[in-house]
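Notes follow once the structure below has been shown.
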Amino acid sequence: AQSVTQPDIHITVSEGASLELRCNYSYGATPYLFWYVQSPGQGLQLLLKYFSGDTLVQGIKGFEAEFKRSQSSFNLRKPSVHWSDAAEYFCAVVPILTGGGNKLTFGTGTQLKVEL
Amino acid sequence: DVKVTQSSRYLVKRTGEKVFLECVQDMDHENMFWYRQDPGLGLRLIYFSYDVKMKEKGDIPEGYSVSREKKERFSLILESASTNQTSMYLCASTVQGATFSYEQYFGPGTRLTVT
């Protein structure tokens, strides 16, 4: 079945450490790819997106993501995590399907905890 | 900045009640969406609207209906609330175009509890 997977439900990192959040998708063609962040008590905010072109995408708040077609992955990274990055992170995809019905589909989320 | 507001942050209703969740956006966006968010399930699309009085079913429309009488306002209606509709409800909006390819702007959510 077509899907988007975030294999890590919870991740804990120390402040200042590097971060990588995983996202894999299973669609026939490369979908549009997004990362959103949800801070406590807030709605979701777009961090970055990939449609085509350069496979390393820069986003807001110092985040970046790399698209790897061979691995069907779009992992989110940050070289040095700040305590304010503690939040839930969602990978989302829009599959490129013929015939329409191309909705935004979210992964189940990864809860990031930052230890001081 | 785009602002999407939702009428309540927290709501407690009884089983069988009719529930209205309101969403307003101030950026003249054509497209509006309702999602529900549950732990371990992520966000799931309930309904969306690409124009006034237009609506499309999402992935989980059962037990819900929507209304869009004005461009800036999109309402989610639970005709007869049930306990399995206890959830966080998120509204979002985006510009016209390839509907799902643009950044969606989200409201802060309404946490609905049905007892």
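Just so you know, the sequences run in chain order A and B.
Numbering of the first sequence is given in the working numbering, commencing with residue 1050 and proceeding in unit increments.
Numbering of the second sequence is given in the working numbering, commencing with residue 61 and proceeding in unit increments.
Just so it is clear, CB atoms sit at the ideal spot from N, CA and C, and this is done for glycine as well.
Here the structure is a predicted model, which is why all the values come from computation and not from measurement.
Quiz item: For a contact meaning CB atoms closer than 8 Å, what does V64 (chain B) contact in chain A?
Solution: G1092
Quiz item: What are the residues that DSSP puts in a beta bridge with I1060 (chain A)?
Solution: A:L1161
Self-check item: Strand pairing of C151 (chain B), partner residues [DSSP]
Solution: B:W94
Quiz prompt | Alpha carbon of E77 (chain B) to alpha carbon of V1106 (chain A), nearest angstrom | solution = 47 Å
Quiz item: Going by DSSP, which residues form a beta bridge with C1140 (chain A)?
Solution: A:W1084
Quiz prompt | K1098 (chain A) burial status per 10 Å Cβ neighbour count (16 or more: buried) | solution = buried
Self-check item: Three-way DSSP call (helix, strand, coil) for I120 (chain B) in this model
Solution: coil
Practice problem: For L105 (chain B), I'd like the list of residues in its chain whose CB is within less than 6 Å of its CB, leaving aside the five on either flank, ordered along the chain. | Solution: Y95, G118, D119
Quiz item: Which chain B residues are close to G1102 (chain A), counting only those with a beta carbon under 7 Å from its beta carbon?
Solution: Chain B residues near G1102 (chain A): none, gap ~15 Å exceeds 7 Å.
Quiz item: What whole-angstrom Cβ distance do V1142 (chain A) and Y1085 (chain A) have, given they're in contact under 8 Å?
Solution: Going by Cβ atoms, the distance from V1142 (chain A) to Y1085 (chain A) rounds to 12 Å, so no, they are not a contact pair.
Quiz item: Residue range of the beta strand (DSSP E) that S1122 (chain A) falls in?
Solution: 1122 to 1127
Quiz prompt | Three-state class that DSSP yields for Q1091 (chain A) in the structure shown | solution = coil
Quiz item: Hey, does F166 (chain B) have any beta-carbon neighbour from chain A nearer than 7 Å?
Solution: yes
Quiz item: Mind checking whether the beta-carbon of E90 (chain B) lies closer than 6 Å to any heavy atom of the ligand COA?
Solution: The ligand COA is absent from the structure shown, which contains no ligands of any kind.
Quiz item: From the beta carbon of E90 (chain B), is the nearest beta carbon of chain A less than 7 Å away?
Solution: no
Exercise. Name, in chain order, the residues that DSSP records as bridge partners for V1130 (chain A).
Key: Looking at the DSSP assignment, V1130 (chain A) forms no beta bridge with any residue, so it has no partner.
Quiz item: Skipping 5 residues on each side, what residues in its chain have a beta carbon closer than 8 Å to that of D88 (chain B)?
Solution: K131, E132
Quiz item: Going by Cα to Cα distance, which pick from B:S67, B:D86, B:T154 is closest to I137 (chain B)?
Solution: B:S67
Quiz prompt | Sequence-distant residues of its chain with Cβ nearer than 7 Å to P1080 (chain A) (five each side left out) | solution = Y1074, V1142, V1143, P1144, I1145
Self-check item: DSSP-derived helix/strand/coil call for K1098 (chain A)
Solution: strand
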